[in-house]
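In this note's numbering, the protein residues as written are 1 to 137.
Where is the CB? At the ideal position from N, CA and C, for every residue including glycine.
Data first, discussion second: the structure below is written as structure tokens.
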């Protein structure tokens, strides 16, 4: 099944800026992606940006998948926890389904030694990194 090609009828998507947000139309469905809710800048605690461009948040990605009629599952496929040194690593596999048929699989990982952790301890960032690994998948 890994080499099987599955053709799925994908509706046309249109994205328009709308009141500092984005209005997305997919087929007959229209919705807004809201700034600082569905997408936005990743910032440090002091409010200074970590990235130069806005990023899609997990809530925005979920809204887009739902609008395309896709469901997804995610599972943790690897993890490592060093409680003595405060290091945590997570790897996820996510699979998107259209009408119950898998159409795409992605993998993502994150750990508490990444630059984006700043000066926070690994214990403070462990749950955040687990969610980030799932989002990356």
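Subject >> Where residue 104 falls, given that 16 or more other Cβ within 10 Å makes a residue buried >> reply: exposed
**OP:** For the region 12-96, list the alpha helix (DSSP H) runs that are entirely contained and at least 4 residues long, ordered along the chain.
**Re:** 58-67
**OP:** Run the CB neighbour count on residue 63, radius 10 Å, all protein chains shown included, and call it buried at 16 or more, exposed below.
**Re:** buried
**OP:** Answer yes or no: do residue 112 and residue 83 have a C-beta to C-beta separation smaller than 8 Å?
**Re:** no
Original post:
Would residue 133 be called buried (16 or more neighbouring beta carbons within 10 Å of its own) or exposed?
Top reply: buried
Original post:
Which of the three DSSP states, helix, strand or coil, is assigned to residue 100?
Top reply: coil
Original post:
What number of angstroms, rounded off, separates the C-alpha of residue 20 from the C-alpha of residue 41?
Top reply: 13 Å
Subject >> Cross-strand partners of residue 110 (DSSP beta bridge) >> reply: 90
Original post:
Taking the alpha carbon of residue 53 as the point to measure from, which residue in 45, 39, 46 has its own alpha carbon closest?
Top reply: 39
Original post:
Going straight from the alpha carbon of residue 13 to that of residue 70, what length do you get?
Top reply: 14 Å
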